[in-house]
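Structure first, commentary second.
Number of protein chains: 2
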Amino acid sequence: MTNLPKKHLFDIPEGMIYLDGNSLGPLPKGAAERAVKTLTQEWGTQLIKAWNTADWMALPQKVGDRIAGFIGAAPGSVATGDTLSIKVYQALAAALKMRPERPVILSDTGNFPTDLYMAQGLISTIGKDYELRTVAPEEVADAITDDVAVVMLTEVDYRSGRRHDMVDITARAHQNGAVMIWDLAHSAGALPVDLTACNAEFAVGCTYKYFNGGPGAPAFIYARPDIVLEVEPALSGWLGHDAPFAMEPDYRPAMTTERLRVGTPPIVQLSILDTALDVWEGVSMEEIRGASVALCETFISEVEARCPDLTLASPRDADVRGSQVSFAFADGYAVVQALIDRGVIGDFRAPNIMRFGFTPLYLDQADVVRAAEILEDVMKSESWKDPKYQVRSRVT
Amino acid sequence: MTNLPKKHLFDIPEGMIYLDGNSLGPLPKGAAERAVKTLTQEWGTQLIKAWNTADWMALPQKVGDRIAGFIGAAPGSVATGDTLSIKVYQALAAALKMRPERPVILSDTGNFPTDLYMAQGLISTIGKDYELRTVAPEEVADAITDDVAVVMLTEVDYRSGRRHDMVDITARAHQNGAVMIWDLAHSAGALPVDLTACNAEFAVGCTYKYFNGGPGAPAFIYARPDIVLEVEPALSGWLGHDAPFAMEPDYRPAMTTERLRVGTPPIVQLSILDTALDVWEGVSMEEIRGASVALCETFISEVEARCPDLTLASPRDADVRGSQVSFAFADGYAVVQALIDRGVIGDFRAPNIMRFGFTPLYLDQADVVRAAEILEDVMKSESWKDPKYQVRSRVT
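Those protein sequence lines, which keep their order, are chains A and B. The first sequence begins at 1 in this note's numbering and counts up one residue at a time. The second sequence begins at 1 in this note's numbering and counts up one residue at a time.
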């Protein structure tokens, strides 16, 4: 017997089929109430004292421990705060310090741009002859040569949904002396992840996608417990200090993963995220994964049967696919807009990818079939050719 | 005629005299309602579409422009997001790039520790022979030698309230070829600041103190408009890219101050801050400053008359003092706890500083006299000697 879906725990507009939880999860019930409590009963009533009396000081670690439970990480090994871009920078900078004689950061061409951008900025900041080397996703394992200091990959490709083998690539990285960083943006809350088994040194992720933490929810970073004391924080902020309130003149990192915290934590957004994680009560990642694969398989077969002009842009093999399905179509932008007008919310990624995320917490098979029916109608009626669907907005 | 104070625009518990707005401002009325609107009417109803339909994409810049108005900065010259520590790092990294031949970051020993820590982390990341040189606050101007790449100072000392002369020190820095960074943590919303007149290259600040943005409210960074295109972002995240949604493989900075944005903006906290700034309608910084000086003068004279055991640790001359007053006392920690128990909220900074912030938005002369009376009573009765006031909590 399954606990899924848990639609009743979310506030999703009537009639909307939301296939964009891989971009921004929907509003969990209780989140607004939690925000009001944080603002009125904690901030408003206790003011500065709330850092102690409402235990704001412990909230980043509490939420980190909850996230750890989803990604096979030990309690205390996940720090929260900032944005995913910042966490990528922290992991990369620390990893390069661990392999000072090696000049290459290896990634793949399908990685999310900000990960590559942050690497470029770090290299520019260091000012030495580091190289960001990107290869096709399927070539990564063989590209881990002995000049590679760090392999930085996103497990699930944000466009295609293609999934790397974390265990295999991490082993290959270690065999060749490289440090491994996994970006779990499209994994955490979507797939079973076992960081302990995979043995990677670092992982980073965000919480506004599959964890439904809301727009701008804080990011997280994992450091393998046995290497924490080797991690030199590049972003050595006071809340990563071993004694933040001693106000010492010199930075002295905390003896735990807390050294990867930086500044004052975003308490309001953290508290919303904390409540958003309550939705997962009684659900295992294995159960989520099983349901996600079934939803994706249904969508692929329904769309392929109904929409011959669309080309599957995700792997057909569920084992190497994340929790999303993408189809390529030259006018994909307009099709996505037409779908949105019909209540089916997917998104578009340049140049021609229509993305659909499948989140068993609030989607069932009937939703998926209905989405495919509407997509068929949009394609057959050519309603996407309406000029109003051609105008590009800033975010799709 | 004055518009001050505006106590009715804040939710402050009955009987509390809040002298800690220099650490965390109180809850403005309307903030909780705004959070609920952002969560339920925007996130909950519009989901991913809200980036466009609720104009979340524009919110960081909208709030930045509002902050710009308080600090004498041109519209478009202030970017918001992240934490103050991150913004310090961005400014410092960019400043060092602008003076590649100079090895010294100059600051003062009174600077807030995280500013110094971030400089240490940056130096360690770059791995070259940079030096963080700190001198006593009064020695800074004469210490700007020709090996100084960047002068990084906080205008108002977080412990003593001592205030630097921004115009004078900036001019000295420029005469000696150094880049100037001002940390406005204790200035923005507290004192008139005129970045345009002062001509500093960079400024950074936080919004949870005098702007009352709430716990973990986002930070801001200013870059002088004429140098923006020279600023090389160390933290080159996708939202600082010239075309974030083009998903280009290479970082290409925005042609505006937006290049100092990094990752996905904290929309919930930004919207609360946006509402918090409404409180300032019809108030000028000059009016705030006049009232603040009057409140501080009253507090100093009342406390000195009533509490001979306390030593003023702030400048006596209002011209060189920010919007806070500090007194030194060996058992200051316990005294502050005893005051808090009596409804007078100040804070303590190691080793012996009792800090009291004066914020004319919600404090008047009667509050200040009453606070001094209660402090007198705590001192004369020695109620602070109660053992319960000796136990150190993590934040005071």
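Ideal placement from N, C-alpha and C gives every residue a C-beta, glycine not left out.
For residue i, which three-state DSSP category applies?
i	result
Leu133(A)	Correcting the residue type first, residue 133(A) is Arg in the shown sequence and not Leu. If DSSP states are grouped into helix, strand and coil, Arg133(A) belongs with the strands.
Thr396(B)	Residue confidence is low: Thr396(B) scores 43 on pLDDT, short of 50, so the model does not pin down where it sits. No coordinate-derived value is stated.
Gly81(B)	strand
Thr253(A)	Correcting the residue type first, residue 253(A) is Pro in the shown sequence and not Thr. Residue state, collapsed to three classes: strand.
Thr38(B)	helix
Ile17(A)	strand
Val391(B)	coil
Asp377(B)	helix
Arg170(B)	In the sequence as displayed, the identity of residue 170(B) is Thr instead of Arg. Here Thr170(B) sits in helix by DSSP.
Met354(B)	strand
Tyr158(B)	coil
Arg342(A)	coil
Pro113(B)	helix
Ile181(B)	strand
Arg259(B)	helix
Ala334(A)	helix
Arg321(B)	strand
Asp142(A)	helix
Leu47(B)	helix
Met98(A)	helix
Ala119(A)	helix
Asp367(A)	helix
Leu361(A)	coil
Ala188(A)	coil
Ala372(B)	helix
Leu27(B)	strand
Leu4(A)	coil
Ala74(B)	coil
What residue range is occupied by the uninterrupted alpha helix (DSSP H) comprising residue i?
i	result
Gly290(B)	285-306
Leu310(A)	From DSSP, Leu310(A) is part of no alpha helix (DSSP H); its letter is neither H nor E.
Asp274(A)	267-276
Asp65(B)	59-68
Ala50(B)	50-53
By the DSSP assignment, the beta strand (DSSP E) with residue i in it spans what residues?
i	result
Ser326(A)	324-328
Val104(B)	104-108
Asp347(B)	347-349
message: Taking beta-carbon pairs under 7 Å, can you tell me which members of the segment 12-27 of chain A lie near chain B?
response: Answer in chain order: Pro13, Tyr18, Asp20, Ser23, Leu24, Pro26, Leu27.
query: Would the segment 230-239 of chain B and the segment 175-188 of chain A be scored as touching if the rule is three or more Cβ pairs under 8 Å?
result: With contact defined as three or more Cβ pairs closer than 8 Å, the segment 230-239 of chain B and the segment 175-188 of chain A are not in contact.
- prompt: Got a sec: which bits of the segment 316-334 of chain A sit with their beta carbon under 8 Å from any beta carbon on chain B, in order along the chain?
  reply: Hits within the stretch: zero.
- prompt: Of the residues that make up the segment 341-363 of chain B, which ones have a beta carbon closer than 7 Å to any beta carbon in chain A?
  reply: If the cut-off is 7 Å between Cβ atoms, the segment 341-363 of chain B has Ile345, Asp347, Arg349, Ala350 near chain A.
task: Using a Cβ-Cβ cut-off of less than 9 Å, list which residues of the segment 189-221 of chain B approach chain A; keep chain order.
output: Under the 9 Å Cβ criterion, the segment 189-221 of chain B contributes Cys206, Tyr208, Gly214, Pro215, Gly216, Ala217, Pro218, Ala219.
message: Can you pull out the residues from the segment 264-294 of chain A whose beta carbon lies closer than 8 Å to at least one beta carbon of chain B?
response: Here the close residues are Thr264, Pro265, Pro266, Ile267, Val268, Gln269, Leu270, Ile272.
message: My parser needs the beta strand (DSSP E) runs of 3 or more residues fully inside the segment 191-244 of chain B; what are they?
response: Fully enclosed beta strand (DSSP E) runs of 3 or longer: 202-205, 219-223.
- prompt: Is there contact here, the segment 77-87 of chain B with the segment 207-223 of chain B, by at least three beta-carbon pairs under 8 Å?
  reply: As far as the Cβ criterion goes, the segment 77-87 of chain B touches the segment 207-223 of chain B, which means the pair count is three or higher.
message: Along the segment 117-145 of chain A, where does the CB come closer than 8 Å to a CB of chain B? Name the residues.
response: Taking 8 Å as the cut-off between beta carbons, the residues of the segment 117-145 of chain A near chain B are Tyr117, Met118, Gln120, Gly121, Leu122, Ser124, Thr125, Ile126, Gly127, Lys128, Thr134, in sequence order.
- prompt: In the segment 84-97 of chain A, which residues sit with their C-beta less than 7 Å from some C-beta in chain B, listed in chain order?
  reply: Here the close residues are Leu84, Ser85, Ile86, Tyr89, Ala93.
- prompt: When you check each C-beta in the segment 301-314 of chain B against every C-beta of chain A, which residues fall closer than 7 Å?
  reply: For the segment 301-314 of chain B, there are no residues whose beta carbon sits under 7 Å from a beta carbon of chain A.
message: Using 8 Å as the cut-off, can you tell me whether the segment 111-128 of chain B makes contact with the segment 64-73 of chain B, which would need three or more C-beta pairs spanning the two stretches below that distance?
response: In short, these stretches do not touch, since the Cβ pair count stays below three.
- request: Spell out a yes or no on whether the segment 324-333 of chain B and the segment 361-369 of chain B are touching, meaning 3 or more CB-CB pairs, one atom from each, closer than 8 Å.
  value: Judged by pairs of C-beta atoms under 8 Å, the segment 324-333 of chain B does not touch the segment 361-369 of chain B, as fewer than three such pairs exist.
Contact set between the segment 33-46 of chain A and chain B, restricted to residues whose Cβ is under 7 Å from the partner: Listed by position, the residues of the segment 33-46 of chain A near chain B (Cβ gap below 7 Å) are Ala35, Val36, Leu39, Thr40, Trp43, Gly44, Thr45.
task: Please name the residues in the segment 166-183 of chain A whose beta-carbon is closer than 8 Å to at least one beta-carbon of chain B, in chain order.
output: Listed in sequence order: no entries.
task: Select from the segment 49-61 of chain A all residues with a C-beta closer than 8 Å to any C-beta belonging to chain B, and list them in chain order.
output: Those residues of the segment 49-61 of chain A that come within reach of chain B (Cβ to Cβ, closer than 8 Å) are Lys49, Ala50, Trp51, Asn52, Trp56, Met57.
- prompt: Taking contact to mean at least 3 C-beta pairs separated by less than 8 Å, is the segment 98-110 of chain A in contact with the segment 241-258 of chain A?
  reply: Fewer than three pairs of CB atoms, one per stretch, sit closer than 8 Å, so the segment 98-110 of chain A makes no contact with the segment 241-258 of chain A.
message: Whether or not the segment 167-182 of chain B and the segment 141-151 of chain B are in contact is what I'm after, with contact meaning three or more pairs of Cβ atoms, one per stretch, closer than 8 Å; do they touch?
response: Enough Cβ pairs lie closer than 8 Å, so yes.
field: Residues in the segment 221-236 of chain B having any Cβ partner in chain A nearer than 7 Å
entry: Of all residues in the segment 221-236 of chain B, those with a C-beta nearer than 7 Å to a C-beta of chain A are Glu232, Pro233, Ala234, Leu235, Ser236, reading in chain order.
- prompt: Are there three or more Cβ pairs, one per stretch, closer than 8 Å when the segment 209-218 of chain B is compared with the segment 265-283 of chain B?
  reply: Between the segment 209-218 of chain B and the segment 265-283 of chain B, the count of C-beta pairs closer than 8 Å reaches three or more; the two stretches touch.
field: Validate contact between the segment 5-19 of chain A and the segment 194-206 of chain A using beta carbons, cut 8 Å, 3 pairs
entry: No contact exists between the segment 5-19 of chain A and the segment 194-206 of chain A.
Given 8 Å, three or more beta-carbon pairs between the segment 349-363 of chain A and the segment 281-294 of chain A: Yes, the segment 349-363 of chain A touches the segment 281-294 of chain A.
message: Does the contact criterion of 3 or more C-beta pairs under 8 Å hold for the segment 263-275 of chain A versus the segment 50-67 of chain A?
response: Verdict: yes, contact present.
- request: Count the C-beta pairs between the segment 89-99 of chain B and the segment 161-180 of chain B that are closer than 8 Å, then say yes if the count reaches three, no if not.
  value: With a cut-off of 8 Å, the segment 161-180 of chain B and the segment 89-99 of chain B count as touching, because enough Cβ pairs lie within range.
field: Any 3 or more C-beta pairs closer than 8 Å across the segment 31-45 of chain A and the segment 157-173 of chain A
entry: Contact between the segment 31-45 of chain A and the segment 157-173 of chain A is absent, because fewer than three Cβ pairs lie under 8 Å.
message: Beta carbons nearer than 8 Å to chain A: which residues of the segment 245-264 of chain B have them?
response: Only Phe245, Ala246, Met247, Glu248, Pro249, Asp250, Tyr251, Val262, Gly263, Thr264 from the segment 245-264 of chain B bring a Cβ to less than 8 Å from some Cβ of chain A.
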